[in-house]
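Everything on this sheet refers to the single structure shown next.
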Amino acid sequence: MATSQSSWLLRHPCPVSMPWTWNNIGLKVTNITYWRCSRANNGGRIMADMSISTANCLAQPAQLQGETPTGRGSAVAARHEEEGTDDEWLMYLEPAKLEPFDHLEPWAEANVVPLLKPAQVAWQPTDLLPDLASLGADGFHAACSDIAARAADLPDAHLVCLVGNMVTEEALPTYQSIPNRFEAVRDLTGSSATAWARWIRGWSAEENRHGDVLNRYLFLSGRVDMRQVERTIHNLIHPSRQGARRRGAIAADEKRHELAYTRIVGKLFEIDPDGAVRALAYMMRRRIVMPASLVTDGRDGDLFGHYAAVAQQAGIYTASDYRSILEHLIKQWGVEELAAAELSYDGRRARDYVCSLPKKIYRLEEKAHTRNSKKAQRMTSVSFSWIFDRPINISVA
(Lines of atoms letter the chains of each structure in order from A; the text may use other names.)
(Lines give C-alpha, C1' and ligand atoms only; values in the text may rest on other atoms or scores of the structure.)
Protein backbone atom coordinates (compact mmCIF):
# COMPACT_ATOMS: atom_id res chain seq x y z
CA MET A 38 0.00 0.00 0.00
CA ALA A 39 1.47 3.33 -1.01
CA THR A 40 2.19 5.90 1.69
CA SER A 41 3.06 9.58 1.67
CA GLN A 42 6.20 11.13 3.11
CA SER A 43 4.30 12.39 6.15
CA SER A 44 2.81 9.06 7.16
CA TRP A 45 3.67 5.40 7.47
CA LEU A 46 1.63 2.31 8.13
CA LEU A 47 2.07 -0.31 10.80
CA ARG A 48 -0.37 -3.19 10.70
CA HIS A 49 -1.27 -4.63 14.06
CA PRO A 50 -4.33 -5.60 16.09
CA CYS A 51 -5.74 -2.55 17.81
CA PRO A 52 -7.60 -2.76 21.16
CA VAL A 53 -10.70 -1.02 19.87
CA SER A 54 -14.08 -2.71 19.98
CA MET A 55 -15.74 -3.60 16.69
CA PRO A 56 -17.56 -0.40 15.67
CA TRP A 57 -20.41 -2.10 13.87
CA THR A 58 -21.47 -5.31 12.22
CA TRP A 59 -24.80 -4.32 10.71
CA ASN A 60 -25.54 -0.72 9.90
CA ASN A 61 -28.18 1.38 8.19
CA ILE A 62 -26.41 1.51 4.82
CA GLY A 63 -26.95 -2.18 4.17
CA LEU A 64 -23.44 -3.53 4.82
CA LYS A 65 -22.42 -6.48 6.96
CA VAL A 66 -18.88 -6.10 8.22
CA THR A 67 -16.69 -9.02 9.29
CA ASN A 68 -13.03 -9.87 9.79
CA ILE A 69 -11.89 -6.45 10.94
CA THR A 70 -8.15 -5.77 11.13
CA TYR A 71 -7.10 -2.32 12.28
CA TRP A 72 -4.38 -0.24 10.71
CA ARG A 73 -2.79 2.61 12.61
CA CYS A 74 -1.42 5.37 10.45
CA SER A 75 0.90 7.61 12.48
CA ARG A 76 1.58 11.13 11.34
CA ALA A 77 4.62 13.01 12.61
CA ASN A 78 2.80 16.31 12.81
CA ASN A 79 -0.61 15.57 14.29
CA GLY A 80 -1.19 12.33 16.07
CA GLY A 81 -2.54 9.04 14.85
CA ARG A 82 -5.22 7.52 12.72
CA ILE A 83 -7.05 4.28 13.09
CA MET A 84 -8.31 2.61 9.94
CA ALA A 85 -10.11 -0.68 9.49
CA ASP A 86 -9.48 -3.35 6.89
CA MET A 87 -12.84 -5.05 6.51
CA SER A 88 -14.44 -7.73 4.43
CA ILE A 89 -18.07 -6.95 3.77
CA SER A 90 -21.21 -8.34 2.23
CA THR A 91 -24.06 -6.21 0.95
CA ALA A 92 -27.65 -6.54 1.97
CA ASN A 93 -30.33 -6.30 -0.68
CA CYS A 94 -31.38 -2.78 0.21
CA LEU A 95 -32.17 -0.38 -2.64
CA ALA A 96 -33.04 3.28 -2.40
CA GLN A 97 -34.31 3.75 -5.90
CA PRO A 98 -37.91 4.87 -6.38
CA ALA A 99 -40.43 2.05 -6.24
CA GLN A 100 -40.98 2.30 -10.01
CA LEU A 101 -37.36 1.27 -10.63
CA GLN A 102 -36.89 -1.30 -7.90
CA GLY A 103 -38.67 -4.05 -9.78
CA GLU A 104 -36.64 -3.62 -12.95
CA THR A 105 -33.92 -6.26 -13.39
CA PRO A 106 -31.69 -7.04 -16.38
CA THR A 107 -32.54 -10.06 -18.49
CA GLY A 108 -30.51 -12.16 -20.91
CA ARG A 109 -27.64 -14.63 -20.68
CA GLY A 110 -23.92 -14.84 -21.15
CA SER A 111 -22.59 -11.38 -21.91
CA ALA A 112 -25.48 -9.69 -20.11
CA VAL A 113 -24.69 -11.56 -16.89
CA ALA A 114 -20.99 -10.82 -17.27
CA ALA A 115 -21.70 -7.15 -17.94
CA ARG A 116 -23.83 -6.90 -14.82
CA HIS A 117 -21.13 -8.58 -12.73
CA GLU A 118 -18.51 -6.22 -14.13
CA GLU A 119 -20.75 -3.20 -13.57
CA GLU A 120 -21.36 -4.04 -9.92
CA GLY A 121 -17.68 -4.53 -9.14
CA THR A 122 -16.35 -6.32 -6.07
CA ASP A 123 -17.35 -5.97 -2.45
CA ASP A 124 -13.88 -4.91 -1.32
CA GLU A 125 -13.42 -2.12 -3.86
CA TRP A 126 -14.42 0.46 -1.27
CA LEU A 127 -11.36 -0.30 0.88
CA MET A 128 -9.19 1.66 -1.53
CA TYR A 129 -11.04 4.81 -0.49
CA LEU A 130 -9.78 4.37 3.10
CA GLU A 131 -6.10 4.32 2.17
CA PRO A 132 -4.01 7.07 3.80
CA ALA A 133 -3.37 8.75 0.46
CA LYS A 134 -7.14 9.15 0.00
CA LEU A 135 -7.59 10.68 3.45
CA GLU A 136 -4.71 13.16 3.20
CA PRO A 137 -6.66 15.72 1.09
CA PHE A 138 -9.14 16.31 3.92
CA ASP A 139 -6.33 17.55 6.14
CA HIS A 140 -5.28 20.05 3.49
CA LEU A 141 -8.90 21.06 2.80
CA GLU A 142 -9.46 22.28 6.36
CA PRO A 143 -8.99 26.00 5.44
CA TRP A 144 -11.20 25.54 2.39
CA ALA A 145 -13.95 23.94 4.51
CA GLU A 146 -13.67 26.81 7.00
CA ALA A 147 -14.30 29.31 4.20
CA ASN A 148 -16.80 27.41 2.04
CA VAL A 149 -18.71 24.92 4.18
CA VAL A 150 -18.99 26.20 7.76
CA PRO A 151 -20.53 29.57 6.67
CA LEU A 152 -23.54 27.66 5.31
CA LEU A 153 -24.61 26.95 8.90
CA LYS A 154 -26.90 29.43 10.63
CA PRO A 155 -26.08 30.55 14.19
CA ALA A 156 -28.61 29.40 16.79
CA GLN A 157 -29.38 33.04 17.61
CA VAL A 158 -30.89 33.66 14.15
CA ALA A 159 -32.04 30.19 13.11
CA TRP A 160 -35.73 29.33 13.17
CA GLN A 161 -36.94 27.00 15.91
CA PRO A 162 -39.99 24.68 15.96
CA THR A 163 -41.78 26.99 18.42
CA ASP A 164 -41.70 29.74 15.78
CA LEU A 165 -43.87 27.61 13.48
CA LEU A 166 -46.30 25.95 15.89
CA PRO A 167 -48.67 27.07 18.66
CA ASP A 168 -46.91 28.00 21.90
CA LEU A 169 -48.92 27.77 25.12
CA ALA A 170 -46.66 30.20 26.97
CA SER A 171 -47.19 33.00 24.46
CA LEU A 172 -50.79 32.31 23.37
CA GLY A 173 -52.37 31.47 26.70
CA ALA A 174 -54.75 28.57 27.23
CA ASP A 175 -57.58 29.87 25.02
CA GLY A 176 -55.32 30.97 22.17
CA PHE A 177 -53.37 27.72 22.28
CA HIS A 178 -56.56 25.64 22.18
CA ALA A 179 -57.88 27.65 19.22
CA ALA A 180 -54.60 27.32 17.30
CA CYS A 181 -54.48 23.56 17.89
CA SER A 182 -58.10 23.21 16.78
CA ASP A 183 -57.23 25.09 13.59
CA ILE A 184 -54.33 22.73 12.85
CA ALA A 185 -56.55 19.68 13.40
CA ALA A 186 -59.29 21.11 11.17
CA ARG A 187 -56.88 21.83 8.31
CA ALA A 188 -55.16 18.45 8.68
CA ALA A 189 -58.51 16.68 8.36
CA ASP A 190 -58.37 17.28 4.60
CA LEU A 191 -54.93 15.71 4.08
CA PRO A 192 -55.13 12.47 2.05
CA ASP A 193 -53.91 9.36 3.83
CA ALA A 194 -51.18 8.87 1.20
CA HIS A 195 -49.74 12.28 2.01
CA LEU A 196 -49.88 11.55 5.72
CA VAL A 197 -47.96 8.30 5.23
CA CYS A 198 -45.26 10.14 3.26
CA LEU A 199 -45.12 12.89 5.88
CA VAL A 200 -44.72 10.34 8.67
CA GLY A 201 -42.07 8.46 6.71
CA ASN A 202 -40.09 11.65 6.18
CA MET A 203 -40.45 12.62 9.82
CA VAL A 204 -39.29 9.21 11.01
CA THR A 205 -36.23 9.57 8.79
CA GLU A 206 -35.44 12.97 10.30
CA GLU A 207 -35.98 11.71 13.85
CA ALA A 208 -33.34 8.98 13.42
CA LEU A 209 -30.69 11.70 13.60
CA PRO A 210 -28.34 9.93 16.06
CA THR A 211 -27.77 7.22 13.46
CA TYR A 212 -26.80 9.73 10.79
CA GLN A 213 -24.40 11.71 12.96
CA SER A 214 -22.54 8.50 13.71
CA ILE A 215 -21.89 7.89 9.99
CA PRO A 216 -19.50 10.82 9.33
CA ASN A 217 -17.95 10.18 12.73
CA ARG A 218 -16.86 6.75 11.48
CA PHE A 219 -14.79 8.44 8.79
CA GLU A 220 -11.49 9.23 10.47
CA ALA A 221 -10.61 12.11 8.16
CA VAL A 222 -13.47 14.33 9.38
CA ARG A 223 -14.71 12.81 12.63
CA ASP A 224 -15.41 14.80 15.76
CA LEU A 225 -13.20 12.94 18.22
CA THR A 226 -14.23 14.78 21.39
CA GLY A 227 -17.72 16.09 20.66
CA SER A 228 -16.34 19.63 20.83
CA SER A 229 -13.51 19.57 18.30
CA ALA A 230 -12.76 22.95 16.74
CA THR A 231 -11.99 21.61 13.26
CA ALA A 232 -14.17 22.85 10.41
CA TRP A 233 -15.35 19.33 9.60
CA ALA A 234 -16.36 18.60 13.21
CA ARG A 235 -18.18 21.92 13.54
CA TRP A 236 -20.05 21.21 10.32
CA ILE A 237 -21.16 17.79 11.58
CA ARG A 238 -22.44 19.25 14.86
CA GLY A 239 -24.11 22.23 13.19
CA TRP A 240 -25.73 20.07 10.52
CA SER A 241 -27.01 17.72 13.23
CA ALA A 242 -28.54 20.61 15.17
CA GLU A 243 -30.36 21.89 12.08
CA GLU A 244 -31.61 18.43 11.12
CA ASN A 245 -32.86 17.94 14.67
CA ARG A 246 -35.30 20.84 14.23
CA HIS A 247 -36.83 19.21 11.16
CA GLY A 248 -37.84 16.10 13.05
CA ASP A 249 -39.09 18.17 15.97
CA VAL A 250 -41.38 20.43 13.95
CA LEU A 251 -42.85 17.57 11.90
CA ASN A 252 -43.34 15.41 14.99
CA ARG A 253 -45.15 18.15 16.89
CA TYR A 254 -47.31 19.02 13.89
CA LEU A 255 -48.39 15.40 13.43
CA PHE A 256 -49.09 15.13 17.15
CA LEU A 257 -51.32 18.22 17.07
CA SER A 258 -53.08 17.14 13.85
CA GLY A 259 -54.72 14.14 15.52
CA ARG A 260 -54.56 12.22 12.24
CA VAL A 261 -51.85 9.68 13.08
CA ASP A 262 -51.23 7.02 15.72
CA MET A 263 -48.33 8.66 17.54
CA ARG A 264 -47.49 5.57 19.57
CA GLN A 265 -46.93 3.56 16.39
CA VAL A 266 -44.97 6.44 14.89
CA GLU A 267 -42.80 6.69 18.00
CA ARG A 268 -42.27 2.94 18.00
CA THR A 269 -41.07 3.17 14.41
CA ILE A 270 -38.62 5.93 15.34
CA HIS A 271 -37.36 3.86 18.26
CA ASN A 272 -36.79 0.86 16.01
CA LEU A 273 -34.92 2.87 13.41
CA ILE A 274 -32.52 4.31 15.97
CA HIS A 275 -31.87 1.09 18.10
CA PRO A 276 -51.22 22.62 3.09
CA SER A 277 -52.15 25.95 4.99
CA ARG A 278 -50.05 29.12 5.23
CA GLN A 279 -48.57 27.81 8.44
CA GLY A 280 -47.87 24.49 6.73
CA ALA A 281 -46.16 26.30 3.88
CA ARG A 282 -43.98 28.15 6.41
CA ARG A 283 -42.98 24.87 8.03
CA ARG A 284 -42.16 23.25 4.69
CA GLY A 285 -40.36 26.35 3.49
CA ALA A 286 -38.21 26.56 6.61
CA ILE A 287 -37.16 22.92 6.31
CA ALA A 288 -36.57 23.23 2.56
CA ALA A 289 -34.34 26.27 3.08
CA ASP A 290 -32.20 24.30 5.53
CA GLU A 291 -31.99 21.33 3.20
CA LYS A 292 -30.96 23.58 0.32
CA ARG A 293 -28.02 24.89 2.35
CA HIS A 294 -27.07 21.34 3.30
CA GLU A 295 -27.26 20.24 -0.33
CA LEU A 296 -25.07 23.18 -1.31
CA ALA A 297 -22.47 22.17 1.28
CA TYR A 298 -22.23 18.60 0.09
CA THR A 299 -22.14 19.50 -3.60
CA ARG A 300 -19.34 21.94 -2.80
CA ILE A 301 -17.38 19.28 -0.92
CA VAL A 302 -17.72 16.69 -3.67
CA GLY A 303 -17.03 19.34 -6.30
CA LYS A 304 -13.77 20.16 -4.54
CA LEU A 305 -12.83 16.48 -4.52
CA PHE A 306 -13.48 16.34 -8.27
CA GLU A 307 -11.16 19.33 -8.61
CA ILE A 308 -8.22 17.86 -6.68
CA ASP A 309 -8.66 14.17 -7.57
CA PRO A 310 -10.99 13.74 -10.57
CA ASP A 311 -10.04 10.11 -11.14
CA GLY A 312 -10.67 9.05 -7.56
CA ALA A 313 -13.86 11.10 -7.31
CA VAL A 314 -15.50 9.72 -10.43
CA ARG A 315 -14.55 6.16 -9.52
CA ALA A 316 -16.03 6.63 -6.04
CA LEU A 317 -19.22 8.08 -7.53
CA ALA A 318 -19.54 5.18 -9.95
CA TYR A 319 -18.98 2.69 -7.13
CA MET A 320 -21.74 4.28 -5.08
CA MET A 321 -24.17 4.33 -8.01
CA ARG A 322 -23.43 0.71 -8.89
CA ARG A 323 -24.26 -0.31 -5.35
CA ARG A 324 -27.40 1.86 -5.43
CA ILE A 325 -28.13 4.70 -3.02
CA VAL A 326 -29.51 3.33 0.23
CA MET A 327 -31.99 5.55 2.02
CA PRO A 328 -31.52 5.83 5.79
CA ALA A 329 -35.12 4.76 6.34
CA SER A 330 -34.70 1.51 4.39
CA LEU A 331 -34.55 -0.44 7.66
CA VAL A 332 -37.67 1.18 9.07
CA THR A 333 -40.11 -1.12 10.85
CA ASP A 334 -43.20 -0.71 12.96
CA GLY A 335 -43.16 -4.28 14.25
CA ARG A 336 -46.06 -5.27 12.00
CA ASP A 337 -45.40 -4.67 8.30
CA GLY A 338 -42.49 -6.76 7.05
CA ASP A 339 -42.00 -4.48 4.04
CA LEU A 340 -42.89 -1.11 5.51
CA PHE A 341 -40.25 0.82 3.56
CA GLY A 342 -41.27 -0.80 0.28
CA HIS A 343 -44.92 0.07 0.84
CA TYR A 344 -44.02 3.61 1.92
CA ALA A 345 -41.90 4.03 -1.25
CA ALA A 346 -44.76 2.74 -3.40
CA VAL A 347 -47.15 5.27 -1.85
CA ALA A 348 -44.64 8.08 -2.47
CA GLN A 349 -44.22 6.99 -6.11
CA GLN A 350 -47.97 6.71 -6.67
CA ALA A 351 -48.68 10.07 -5.02
CA GLY A 352 -46.02 11.76 -7.15
CA ILE A 353 -43.99 12.79 -4.09
CA TYR A 354 -40.81 10.92 -5.04
CA THR A 355 -40.71 9.26 -8.45
CA ALA A 356 -38.24 7.76 -10.89
CA SER A 357 -38.30 11.06 -12.76
CA ASP A 358 -37.18 12.88 -9.60
CA TYR A 359 -34.37 10.35 -9.12
CA ARG A 360 -33.20 10.91 -12.69
CA SER A 361 -33.42 14.70 -12.41
CA ILE A 362 -31.29 14.72 -9.25
CA LEU A 363 -28.65 12.58 -10.93
CA GLU A 364 -28.62 14.79 -14.04
CA HIS A 365 -28.22 17.86 -11.84
CA LEU A 366 -25.25 16.39 -9.97
CA ILE A 367 -23.53 15.18 -13.15
CA LYS A 368 -23.78 18.69 -14.54
CA GLN A 369 -22.85 20.36 -11.24
CA TRP A 370 -19.64 18.34 -10.91
CA GLY A 371 -18.76 18.47 -14.61
CA VAL A 372 -18.57 14.69 -14.89
CA GLU A 373 -19.14 14.65 -18.65
CA GLU A 374 -16.40 17.25 -19.15
CA LEU A 375 -13.70 15.23 -17.38
CA ALA A 376 -10.84 14.93 -19.87
CA ALA A 377 -9.54 11.49 -20.73
CA ALA A 378 -6.02 12.65 -19.92
CA GLU A 379 -7.08 13.29 -16.31
CA LEU A 380 -8.42 9.79 -15.85
CA SER A 381 -7.10 6.27 -15.62
CA TYR A 382 -8.65 3.49 -17.66
CA ASP A 383 -10.95 2.66 -14.73
CA GLY A 384 -11.70 6.36 -14.32
CA ARG A 385 -12.81 6.70 -17.94
CA ARG A 386 -15.05 3.66 -17.60
CA ALA A 387 -16.49 5.09 -14.39
CA ARG A 388 -17.19 8.44 -16.08
CA ASP A 389 -18.95 6.76 -19.00
CA TYR A 390 -20.99 4.58 -16.67
CA VAL A 391 -22.19 7.48 -14.52
CA CYS A 392 -23.06 9.61 -17.54
CA SER A 393 -25.08 6.77 -19.06
CA LEU A 394 -27.32 6.34 -16.02
CA PRO A 395 -29.91 9.08 -16.71
CA LYS A 396 -30.71 7.56 -20.12
CA LYS A 397 -30.95 4.09 -18.59
CA ILE A 398 -33.33 5.36 -15.93
CA TYR A 399 -35.40 7.16 -18.56
CA ARG A 400 -35.72 3.93 -20.56
CA LEU A 401 -36.89 2.13 -17.43
CA GLU A 402 -39.46 4.88 -16.87
CA GLU A 403 -40.72 4.49 -20.44
CA LYS A 404 -40.80 0.72 -20.11
CA ALA A 405 -42.82 0.91 -16.90
CA HIS A 406 -45.19 3.48 -18.41
CA THR A 407 -45.74 1.35 -21.53
CA ARG A 408 -46.32 -1.77 -19.48
CA ASN A 409 -48.82 -0.04 -17.22
CA SER A 410 -50.70 1.51 -20.15
CA LYS A 411 -51.13 -1.82 -21.93
CA LYS A 412 -52.64 -3.72 -19.05
CA ALA A 413 -54.86 -2.93 -16.15
CA GLN A 414 -52.85 -2.29 -13.03
CA ARG A 415 -53.27 -4.71 -10.18
CA MET A 416 -54.03 -2.96 -6.95
CA THR A 417 -53.40 -4.19 -3.46
CA SER A 418 -54.61 -2.74 -0.20
CA VAL A 419 -51.96 -2.03 2.43
CA SER A 420 -52.79 -0.99 5.98
CA PHE A 421 -50.45 1.46 7.72
CA SER A 422 -50.24 1.38 11.50
CA TRP A 423 -49.13 5.03 11.40
CA ILE A 424 -52.66 6.08 10.40
CA PHE A 425 -54.61 3.72 12.68
CA ASP A 426 -54.42 0.84 10.16
CA ARG A 427 -56.37 2.68 7.51
CA PRO A 428 -55.74 1.00 4.12
CA ILE A 429 -54.21 2.61 1.03
CA ASN A 430 -54.51 1.05 -2.42
CA ILE A 431 -51.18 0.81 -4.24
CA SER A 432 -50.40 -0.60 -7.67
CA VAL A 433 -48.19 -3.67 -7.98
CA ALA A 434 -46.17 -4.82 -10.98
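Position 232, counted from 1, in the sequence shown is what my numbering calls 269; the numbers after and before it change by one each time, with no gaps.
Glycine residues also receive a C-beta, built at the ideal position from the N, C-alpha and C atoms.
On a Cα-Cα basis, can you pick out the residue from the options that is closest to residue i?
i: N272; options: R336, A286, A159; result: R336
i: H294; options: P428, T355, A242; result: A242
i: D290; options: G259, N245, L135; result: N245
i: V326; options: F341, A230, I270; result: F341
i: E402; options: I429, Q349, A378, W423; result: Q349
i: F138; options: I353, I308, T333; result: I308
i: D389; options: T333, G259, S422, V372; result: V372
i: W423; options: L363, T333, E364, R400; result: T333
i: D193; options: R260, G352, L296; result: R260
i: I362; options: H343, P395, I184, L375; result: P395
i: H140; options: V222, G173, A179, A186; result: V222
i: G360; options: R400, D190, R187; result: In the sequence under discussion, the amino acid at residue 360 is Arg, which differs from the Gly named in the question. The shortest Cα separation from R360 among R400, D190, R187 belongs to R400.
If you draw a straight line from the C-alpha of residue i to the C-alpha of residue j, how long is it?
i: M263; j: Y254; result: 11 Å
i: V302; j: P132; result: 18 Å
i: V200; j: S418; result: 19 Å
i: L366; j: M203; result: 25 Å
i: Q213; j: R415; result: 40 Å
i: R427; j: Q369; result: 42 Å
i: V197; j: S381; result: 46 Å
i: K397; j: L153; result: 36 Å
i: F425; j: R268; result: 13 Å
i: S420; j: E379; result: 53 Å
i: E146; j: V391; result: 30 Å
i: Y354; j: S393; result: 21 Å
i: I429; j: N148; result: 45 Å
i: R151; j: G227; result: Here the sequence assigns Pro to residue 151, which means Arg is not the residue at that position. Cα to Cα, the separation comes out at about 20 Å.
i: W240; j: M320; result: 23 Å
i: H406; j: D339; result: 24 Å
i: R324; j: L305; result: 21 Å
i: Q265; j: A376; result: 52 Å
i: K292; j: Y344; result: 24 Å
i: S229; j: A174; result: 43 Å
i: Q157; j: W144; result: 25 Å
To which residues of the same chain is residue i closer than 7 Å at the C-beta, ignoring the five residues directly before and after it?
i: A286; result: W160, L165
i: G384; result: D311, V314, R315
i: C181; result: P167, L257
i: D183; result: none
i: L296; result: L152
i: L172; result: A180
i: N450; result: Here the chain comprises residues numbered 38 to 434, so residue 450 is not present and cannot be evaluated.
i: L209; result: S241, E244, N245, G248
Cutting at 6 Å between CB atoms, please list the residues of its own chain near residue i, excluding the five before and the five after it.
i: A387; result: V314, R315, A318
i: I237; result: P216, D224
i: A234; result: D224
i: E207; result: G248, I270
i: L14; result: No information on residue 14 is available, as it lies outside the stretch 38 to 434 that the chain covers here.
i: A188; result: S258, R260
i: D190; result: none
Would you list the residues sitting across from residue i in a DSSP beta bridge?
i: S228; result: BP columns for S228 are empty, so no partner.
i: N245; result: N245 pairs with nothing; no bridge assigned.
i: T417; result: I431
May I ask you to check if the CB of residue i is nearer than 7 Å to at least one heavy atom of the ligand HEM?
i: K134; result: In the structure shown, the ligand HEM is absent, as is every other ligand, since no ligand is present at all.
Apart from the five residues just before and just after residue i, which ones in its own chain have a Cβ nearer than 8 Å to its Cβ?
i: E142; result: T231, A232, W233
i: T299; result: L366, Q369, W370
i: E364; result: P395
i: A351; result: P192, A194, H195, C198
Exercise. In chain order, which continuous runs of the alpha helix (DSSP H) of length 4 or greater are located wholly inside the region 129-188?
Worked result: 132-140, 142-148, 162-165, 169-188
For this session: Please list the segments of the alpha helix (DSSP H) lying wholly inside the region 337-386, counting only runs of 4 or more residues, in order along the chain.
Result: 340-350, 356-369
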